[in-house]
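Participant: Have a look at this one.
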Amino acid sequence: TVSAVFDGVFDFDGVPVTWDRIRELHRSCAPNLAAFGLLWTHCRIVALLARDFARRYAFRAKRQGLSGPNEQLVVVGGLLHDIGRKEQFADPALCHAAVGSEKARVFLLQHGFAEDFADRVAHCILAHRFRKANPPQSIEAKILFDADKLDATGAIGIARTLQFKADTKSAIYTIRPDGTVSNGEEEEGSSFFREYQFKLKKLYDRFYTLAGARMARERQKIARDFYESLYREVSCGYTDGAQQLREMLEE
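Going by our numbering, the residue at position 189 of the sequence shown is 1356; the numbering climbs one at a time, nothing skipped.
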């Protein structure tokens, strides 16, 4: 299991680093209880995906006589990669990846991990958010990047985004001044349609690993079809309703 990655790990006081301690770390780093549930679930999924990608990569590397990625590193990085969300929630000017990378480094050093290991995990976390200034360099960082992005693709990506929008009381769509539904492209707010246009839609050509890219392509049509169907259905309601209202007023 993923939790076994901490088996045999002790902090400087000789106390085992248990699964519950990792969970409590997440609880203390979450902006609120709802966010804790989302982030804890997301991080466990990312850790599992990262482990799977690492094993696939290691299998191909072994056939070529090469060394594979550090599986423990990507699992730990997956479990800790979003622990900077609380600070970003309090101050949107902060980058949760930058904050989280340093928090994870400190946490790992305090709990018996080697400095080199903590530094490599910190790089993975720093680079998991797509920014030109901090692209992933190591294969472990690329694996974590892909695992994180994959959990935002397809049906699960749509579901997570809608749940987050509901938790933050954000709209699914907005209405233009002319009374039509905005498709999200020209918005400056935080609706689901805007999130799809500016983030979810653009995820699919940003994968580093073969496994991540292939799985993302398989999920892409699901997300696109959902968005297009929802936009079409919502738009029809406003268009047909406006037309019926005009007809009633003309009678």
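Each residue gets a CB set at the ideal place from its N, CA and C atoms; glycine is no exception.
These figures come from a predicted structure and were not determined experimentally.
Could you give the residue range of the alpha helix (DSSP H) that holds residue 1288?
Facilitator: 1282-1294
Participant: Could you tell me the distance, in whole angstroms, from the CA atom of residue 1271 to the CA atom of residue 1289?
Facilitator: 6 Å
Participant: When the Cα of residue 1399 is compared with those of 1338, 1313, 1384, 1348, which residue comes out closest?
Facilitator: 1348
Participant: Measure from the alpha carbon of residue 1375 to the alpha carbon of each residue in 1275, 1311, 1267, 1318, then state which is nearest.
Facilitator: 1311
Participant: Tell me, to the nearest whole angstrom, how far the beta carbon of residue 1197 is from that of residue 1334; I am working on the premise that it is less than 8 Å.
Facilitator: Not confirmed; about 12 Å, so no contact.
Participant: To the nearest whole angstrom, what separates the beta carbons of residue 1315 and residue 1295, a pair I think is in contact under 8 Å?
Facilitator: 5 Å
Participant: According to DSSP, which residues form a beta bridge with residue 1389?
Facilitator: Per DSSP, none; premise fails for residue 1389.
Participant: Checking the sheet assignment: what are the DSSP bridge partners for residue 1348?
Facilitator: 1342
Participant: Can you look up residue 1304 in the DSSP assignment and give me helix, strand or coil?
Facilitator: coil
Participant: Using three-state DSSP, classify residue 1263 as helix, strand or coil.
Facilitator: helix
Participant: So, helix, strand or coil for residue 1235, using DSSP?
Facilitator: coil
Participant: Within 10 angstroms of its Cβ, does residue 1379 collect 16 or more other Cβ (buried), or is it exposed?
Facilitator: buried
Participant: Distance check for residue 1232 and residue 1240, CA to CA, integer angstroms please.
Facilitator: Taking the straight line from one Cα to the other gives about 21 Å.
Participant: Nearest to residue 1227 by CA position, among 1397, 1377, 1389, 1395, is which residue?
Facilitator: When only C-alpha atoms are compared, the closest one is 1377.
Participant: So, using beta-carbon positions, are residue 1389 and residue 1281 closer together than 7 Å?
Facilitator: For residue 1389 and residue 1281, no; Cβs fall outside 7 Å.
Participant: Sort 1267, 1247, 1188 by Cα distance to residue 1255 and report the nearest one.
Facilitator: Measuring from the Cα of residue 1255, the nearest candidate turns out to be 1267.
Participant: For residue 1292 versus residue 1248, is the C-beta distance shorter than 7 Å?
Facilitator: yes
Participant: In the DSSP assignment, find the unbroken alpha helix (DSSP H) run with residue 1249 in it and report its ends.
Facilitator: Run containing residue 1249: none; DSSP gives neither H nor E here.
Participant: Looking at residue 1336 and residue 1359, is the spacing between their C-beta atoms short of 7 Å?
Facilitator: no
Participant: Hey, residue 1238 and residue 1218: beta-carbon distance below 7 Å or not?
Facilitator: yes
Participant: Kindly list the residues whose CB is nearer than 7 Å to the CB of residue 1206, restricted to its own chain and excluding five residues on each side of it in sequence; keep chain order.
Facilitator: 1193, 1197, 1249, 1252
Participant: Can you list, in chain order, the residues of its chain whose CB lies under 6 Å from that of residue 1213, leaving out five sequence neighbours each side?
Facilitator: Excluding positions up to five away in sequence, the list reads 1245, 1314, 1315, 1318.
Participant: Can you tell me whether DSSP reads residue 1188 as helix, strand or coil?
Facilitator: It is helical.
Participant: What residue range does the alpha helix (DSSP H) around residue 1204 cover?
Facilitator: 1200-1230
Participant: Using CA atoms only, rank isn't needed, just tell me which of 1372, 1402, 1371 is closest to residue 1351.
Facilitator: From the listed residues 1372, 1402, 1371, the smallest Cα separation to residue 1351 is found for 1402.
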